[in-house]
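One structure is given here, and the rest of the page talks about it.
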Amino acid sequence: MSNLARSLEQQQRVEKTVQDRSQIKIKIKKSWLTPGEKIIGVAFAGLVCFGAVHLISNQAKIYDINQDIQKVETKVEEQQKVNRDLQDQVSELSSYERIFEKAKKMGLLINENDVKVVQNK
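If you're matching positions, the sequence shown starts at 179 in our numbering and goes up one per residue.
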């Protein structure tokens with residue numbers, strides 16, 4: 179009988195440990211986010227990151243283009259200044275008195291009989 183009692187006692191211990199193990203497996207850790215919500219969250223975070231990178235790259239391009247525009251405007255202003263100086267030189271050199279002086283130095287004289295008046299239309 180002692181063997182029978184012992185085997186019964188061992189069987190009860192085994193059943194008890196099996197029950198304890200099954201109870202441990204039954205405990206399920208519940209997450210506060212479902213898998214669908216996690217996917218949506220990751221997708222949203224990805225879109226926000228993509229938008230931020232896109233926005234920053236566009237701002238960098240705008241900055242570069244503005245620099246180029248300012249350089250071109252500076253060159254245009256310098257060229258306009260050179261053009262004004264050249265225009266002043268042209269007006270000084272094409273004055274009637276200067277041309278008359280040059281003609282006298284070259285030995286040309288004005289004969290009033292040879293002068294013809296041409297009218298602009």
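Just so it is clear, CB atoms sit at the ideal spot from N, CA and C, and this is done for glycine as well.
Euclidean distance between Cα positions of residue i and residue j
i: Leu271; j: Ile277; result: 8 Å
i: Val254; j: Cys227; result: 41 Å
i: Met179; j: Glu193; result: Confidence at Met179 is low in this model, with a pLDDT of 49, below 50, so its placement is unreliable and the value that follows should be read with caution. Cα to Cα, Met179 sits roughly 21 Å from Glu193.
i: Lys282; j: Glu275; result: 11 Å
i: Ala223; j: Ala238; result: 23 Å
i: Ala285; j: Glu256; result: It should be pointed out that residue 285 corresponds to Gly in this sequence rather than to Ala. Rounded to whole angstroms, Gly285 to Glu256 spans 41 Å at the Cα level.
i: Val260; j: Lys249; result: 17 Å
i: Lys280; j: Thr252; result: 39 Å
i: Val268; j: Arg262; result: 10 Å
i: Leu287; j: Asp266; result: 28 Å
i: Glu215; j: Asp246; result: 47 Å
i: Val220; j: Thr212; result: 12 Å
i: Val293; j: Ile243; result: 60 Å
i: Val231; j: Ser209; result: 32 Å
i: Ile234; j: Ser273; result: 59 Å
Residue environment, residue i, which counts as buried when at least 16 other CB atoms sit within 10 Å
i: Gln189; result: exposed
Below-8 Å beta-carbon distance, residue i vs any chain C residue
i: Asp292; result: No chain C appears in this structure, which consists of one protein chain only.
Worksheet item: What are the complete beta strand (DSSP E) segments, minimum 3 residues, inside the stretch 187 to 258?
Response: none
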